[in-house]
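Down below is the structure, laid out as structure tokens.
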Amino acid sequence: MNRMHQVILAGLIVVGSFSEAGSVQANGGSFFGMSPIGQSLKALAQLPPVWEMKLSASDSGDACNSSRFICVMGGQAVRDNETGLVWEASPDFVNFRPHGSALLSCANRVTGGRMGWRLPSLHELSSLVDPSVADSGPRLPVGHPFTNVQAHYYWTATGRSDEPGSAWGVNFREGSVVSDGKPAQHLVWCVRSAGPVTTY
Numbered sequence: 003m004n005r006m007h008q009v010i011l012a013g014l015i016v017v018g019s020f021s022e023a024g025s026v027q028a029n030g031g032s033f034f035g036m037s038p039i040g041q042s043l044k045a046l047a048q049l050p051p052v053w054e055m056k057l058s059a060s061d062s063g064d065a066c067n068s069s070r071f072i073c074v075m076g077g078q079a080v081r082d083n084e085t086g087l088v089w090e091a092s093p094d095f096v097n098f099r100p101h102g103s104a105l106l107s108c109a110n111r112v113t114g115g116r117m118g119w120r121l122p123s124l125h126e127l128s129s130l131v132d133p134s135v136a137d138s139g140p141r142l143p144v145g146h147p148f149t150n151v152q153a154h155y156y157w158t159a160t161g162r163s164d165e166p167g168s169a170w171g172v173n174f175r176e177g178s179v180v181s182d183g184k185p186a187q188h189l190v191w192c193v194r195s196a197g198p199v200t201t202y
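Everything in the sequence shown is counted per this note's numbering, starting at 3 for the first residue and increasing by one.
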């Protein structure tokens with residue numbers, strides 16, 4: 003199911019939930035004991051995520067033109083067709099930064115002549131991990147076009163809700179999600195939201 007069909011289906015579920023719940027509530031009851039908003043949220047939560055599809059990074063023999071990855075911005079960035087995100091093709095592998103500096107570094111980044119970069123969320127960065135890859139190097143999909151990605155910890159923009167002085171990151175050596183104190187210094191891999199491939 004493509005993204006457009008999911009959006010249309012989600013809209014129909016929301017509209018249907020509100021109209022059905024409204025008719026039941028008009029008769030003095032509630033729709034299965036839940037408010038209309040609760041029913042809508044429950045219905046939306048049952049939809050499969052857009053990132054459910056799994057595309058190959060090595061199906062074409064060309065790392066920059068596979069089903070999953072397409073090099074854009076003159077090869078300085080990579081569009082991930084599974085998530086619709088655009089990643090730096092060659093993230094900085096020299097400068098380890100504290101969390102605040104990592105956020106600022108991405109906000110000021112110019113890659114491929116474009117600004118608009120940001121530190122990825124935990125969900126976004128972990129989408130690049132391929133757990134089937136051996137832990138001798140970065141756990142990225144076989145055939146990926148990225149260079150200079152280290153088997154180290156990379157910051158995300160996602161802070162820990164239970165520990166305000168810490169933030170989440172991804173350890174590409176183990177393919178694991180970990181947290182650390184914000185003063186700790188780790189690597190940075192910036193991302194930006196994608197536009198149509200033709201705009202690059």
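Note that the Cβ used here is the ideal one computed from N, Cα and C, for glycine as well. The structure presented is a predicted model; accordingly, all values stated were derived computationally and were not measured.
Query, Result
"Continuous beta strand (DSSP E) stretch holding Ser128: start and end", "Unbroken run through Ser128 is the alpha helix (DSSP H), 124-128; no beta strand (DSSP E)."
"Nearest to Phe174 (by Cα), restricted to the options Lys184, Val193, Ser128", "Ser128"
"Pick from Cys66, Trp157, Asp64, Asn67 that is closest to Leu189, judged by C-alpha positions", "Trp157"
"Span separating the alpha-carbon of Thr149 from that of Arg99", "19 Å"
"For Gly171, three-class secondary structure by DSSP", "strand"
"Alpha-carbon to alpha-carbon, Trp89 and Trp119", "9 Å"
"Element boundaries [beta strand (DSSP E), containing Cys108]", "Careful: Cys108 lies outside any beta strand (DSSP E), inside the alpha helix (DSSP H) at 101-109."
"Assumed close pair Pro147, Ala91 - CB separation to whole angstroms, cut-off 8 Å", "6 Å"
"Cα-Cα separation, Gly114 to Ala104", "19 Å"
"Cβ neighbour criterion (16 or more within 10 Å) applied to Val172", "buried"
"Residue(s) in a DSSP beta bridge with Ala79", "Val74, Glu90"
"Cys108 vs Val193 beta-carbon contact at 9 Å", "yes"
"Cα-Cα separation between Glu165 and Leu130, rounded to whole angstroms", "25 Å"
"Backbone secondary structure at Thr85 - three-state DSSP", "coil"
"When Gln187, Ser163, Arg111 are compared against His101, the one with the closest alpha-carbon", "Gln187"
"Given Gly77 as reference, the closest of Arg116, Tyr155, Leu106 once Cα atoms are compared", "Arg116"
"Bridge-paired residues (DSSP) for His188", "Arg99"
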